[in-house]
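Student:
Numbering (my numbering), first residue to last: 262 to 646.
#1: Under 9 Å, do residue 303 and residue 282 count as touching if we go by C-beta distance?
#2: Under a three-way DSSP split, which group does residue 562 fall into?
#3: Are the CB atoms of residue 502 and residue 481 nearer to each other than 9 Å?
#4: Are the beta-carbon atoms of residue 334 and residue 459 separated by less than 9 Å?
#5: Identify the continuous beta strand (DSSP E) that holds residue 440 and give its terminal residues.
#6: Can you check whether the CB of residue 593 is closer than 9 Å to the CB of residue 363?
#7: Which residues in the same chain have their Cβ closer than 6 Å to the Cβ of residue 359, if we skip the five residues on either side of it in sequence?
#8: Can you tell me whether residue 427 is buried or exposed? The criterion is at least 16 other CB atoms within 10 Å of its CB, across all chains shown.
#9: Do the CB positions of residue 354 and residue 395 come within less than 9 Å of each other?
#10: Enumerated in chain order, which unbroken segments of the alpha helix (DSSP H) with a length of 4 residues or greater are wholly contained in the stretch 320-351?
#11: Note down, in chain order, each residue of its chain lying with its Cβ closer than 7 Å to the Cβ of residue 552, except the 5 sequence neighbours on either side.
#12: For residue 426, which of helix, strand or coil comes out of DSSP?
#13: From the DSSP output, in three-state form, read off residue 300 for me.
#14: Taking 7 Å as the limit between beta carbons, can you name the residues of its chain near residue 483, skipping five residues before and five after?
#15: Pull up the distance between the alpha-carbon of residue 499 and that of residue 361, whole angstroms please.
#16: How would you write the range of the alpha helix (DSSP H) that residue 462 sits in, first residue to last?
#17: Would the beta-carbon of residue 443 fall within 9 Å of that of residue 471?
#18: Using the rule of at least 16 other Cβ atoms within 10 Å of the residue's Cβ for burial, across every protein chain shown, is residue 415 buried or exposed?
#19: I'd like to check one pair, residue 531 with residue 467: are the Cβ atoms closer than 9 Å?
#20: In chain order, what residues of the same chain lie with their CB nearer than 6 Å to the CB of residue 311, ignoring the 5 residues before and after it?
#21: For residue 636 and residue 454, which I take to be in contact (beta-carbon distance under 8 Å), what is that distance rounded to the nearest angstrom?
#22: Between 369, 350, 397 and 319, which lies nearest to residue 492 when the distance is taken from Cα to Cα?
#23: What's the gap between the Cα of residue 508 and the Cα of residue 495?
#24: Quick one: using the 10 Å Cβ neighbour count with 16 as the cut-off for buried, is residue 591 buried or exposed?
#25: When you compare each of 371, 579 and 567 to residue 477 by their alpha carbons, which one comes out closest?
What follows is the structure, encoded as structure tokens:
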């Protein structure tokens, strides 16, 4: 199972710290203003005080800005796995340093085929292993790591403050909130606070490749343990569920959909997402003490469908499901080649370690390319706010 995850994260971990076109450190005398950043290039911003990555030996926390038009903004929650106990931290299931985003997919802002070409993109860095909501010190023993602190909430707050100071005082023509993998969970929780505090004519929220298929009963316990209940992210009703240990990310996402009926909410997933399946298995093994050998591609697809049926009750939610095992679409060039039913699904050698193989289930509906679908329904369904 760990080997499956390493195939996804090792190439990304090699980009940690990166080689940026520009860097800026926020201090008492330096605010890192947007207007000073080179358009189209990546500027790394180090917010400093109160922010950090998971380990004491990790590099400093940073977020990335790709300047474009000032009235069109994408706030993207980056990927990077998750660590919820000593075992997963030692297994390296979460990035411990912020990775430079690749200049492909949605980040290739000069590509006319990119639905977000010309947008300013702010990438919320991720190196805390807590889906952007952590506020807790851990007593885990991780060799050569130093102290272990999950501070995703404080890290994200530093980005939100910069966005508000530099881009939040004007009414945005278009606001797009996105997240991939762990960032998908992050954007589902942070969408409400961001929509409440930014001004926009149209807006959309897009959760890419992590719908939250978890073993029954573990979500609430994990939200409580990571410190989410000690943040200011939740509404009163969601806060009560958090403190009771019953909060689910799906409930937060649904609540935000209802609060903002003028905003379009979207989910992008593969019918058989290999990484989501592996994390389900690891969560089952580490949190419940046994392996769930009943998990199969069909069962995963069925569990995903249950979540989608919940969301489908909301008139402002739409979905895009690919007949694929791919994990993440927005930050990769597969964005430009994805269609719901045209991605070949191979079952031979797909999963190991007790995961059952199964044939794919046929998809029905329009075979619309993902890159063509994104600039259509999502932002177009929002009204001024």
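Ideal Cβ placement from N, Cα and C applies to all residues, glycine included.
Tutor: So, to answer that:
#1: yes
#2: helix
#3: yes
#4: yes
#5: 433-441
#6: yes
#7: 323, 386 and 388
#8: buried
#9: no
#10: 347-351
#11: 542, 545, 546 and 615
#12: helix
#13: coil
#14: 345
#15: 33 Å
#16: From DSSP, residue 462 is part of no alpha helix (DSSP H) but of the beta strand (DSSP E) over 461-469.
#17: yes
#18: buried
#19: no
#20: 415
#21: Residue 636 to residue 454, Cβ: 25 Å. No contact.
#22: 397
#23: 10 Å
#24: buried
#25: 567
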